[in-house]
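> Going by the numbering used here, the first residue of the sequence shown is number 45, and it counts up by one from there.
Yeah, the Cβ is synthetic: ideal placement off N, Cα and C, and Gly gets one too.
If you scroll down you'll find the structure; I have some questions about it.
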Amino acid sequence: MGVHNADHPVKGKARIVVNVPAVAGDYASERITFGSVSAGDIEQSYMGASVLVEGTLAGATIELWLPQVSDGTLAASNRTDANYFFSGSAIGAPLTGAGTWPLAGWPGLQFRVKSGGTPGAIGINATAF
Numbered sequence: 045m046g047v048h049n050a051d052h053p054v055k056g057k058a059r060i061v062v063n064v065p066a067v068a069g070d071y072a073s074e075r076i077t078f079g080s081v082s083a084g085d086i087e088q089s090y091m092g093a094s095v096l097v098e099g100t101l102a103g104a105t106i107e108l109w110l111p112q113v114s115d116g117t118l119a120a121s122n123r124t125d126a127n128y129f130f131s132g133s134a135i136g137a138p139l140t141g142a143g144t145w146p147l148a149g150w151p152g153l154q155f156r157v158k159s160g161g162t163p164g165a166i167g168i169n170a171t172a173f
């Protein structure tokens, strides 16, 4: 029997394997993005997000990026990486463990992995609620 929290139901979940590049400061090309909806659909409102890293990767960090709040001229379906900004929150160095962030109704989020100079592949699990 599962637990259901009606106040904060899970709105999305994802698991990817990220291929971290060898150059320190470079980002892996893979992203986990929540809140990118089809044209004409209503944007979601997220109360928080959690991430769990499978294993350890020296020097790497996973960063929480948030979309710019739109004035109505940019649909969530048209967001690109350039429409997100670093929230200032990250876990890692070494990249391991888990983190949870409150978002207080933000219209989306993205997790990016930044290299610390050690290349490798690592599994990332995330939920948004």
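For the beta strand (DSSP E) containing Tyr71, list its first residue and its last residue.
Note, Tyr71: premise wrong, no beta strand (DSSP E); not H, not E.
> If you draw a straight line from the C-alpha of Ala148 to the C-alpha of Ala165, how long is it?
Spanning the two alpha carbons is a distance of roughly 32 Å.
> Is there contact between the region 101-116 and the region 131-148, where contact requires at least three CB pairs shorter than 8 Å?
Flag = yes, the region 101-116 and the region 131-148 touch.
> Check each candidate in Thr162, Gly160, Trp145, Gly161 and name the one with the smallest Cα separation from Val95.
The candidate whose alpha carbon is nearest that of Val95 is Trp145.
> Evaluate contact between the region 125-132 and the region 79-98, counting only Cβ atoms and requiring at least three cross-stretch pairs below 8 Å.
No, the region 125-132 does not touch the region 79-98.
> Give the straight-line distance between the Cα atoms of Ala66 and Trp150, rounded to the nearest whole angstrom.
Going from the Cα of Ala66 to the Cα of Trp150 covers about 32 Å.
> Since I believe Ser159 is in contact with Asp70 (beta carbons under 8 Å), could you give me their beta-carbon distance rounded to a whole number of angstroms?
The Cβ separation is near 5 Å, so the contact holds.
> With a CB to CB cut of under 6 Å and the five nearest residues on each side skipped, what residues in its chain are close to Ala142?
Leu96.
> Taking DSSP as the reference, what is the three-state secondary structure of Ala126?
Here Ala126 sits in helix by DSSP.
> Can you grab the Cα-Cα spacing for the pair Gly79 / Thr162, in whole Å?
Spanning the two alpha carbons is a distance of roughly 30 Å.
> Which residues mark the beginning and the end of the beta strand (DSSP E) in which Ile86 is found?
Per DSSP, Ile86 belongs to no beta strand (DSSP E) and is neither H nor E.
> Over what stretch of residues does the beta strand (DSSP E) that includes Thr144 continue unbroken?
It spans 139-150 - the beta strand (DSSP E) in which Thr144 sits, taken as one unbroken run.
> Look up Ala172 in the DSSP assignment and give the residues it is bridged to.
Answer by DSSP bridge pairing, in chain order: Gly56, Ala93.
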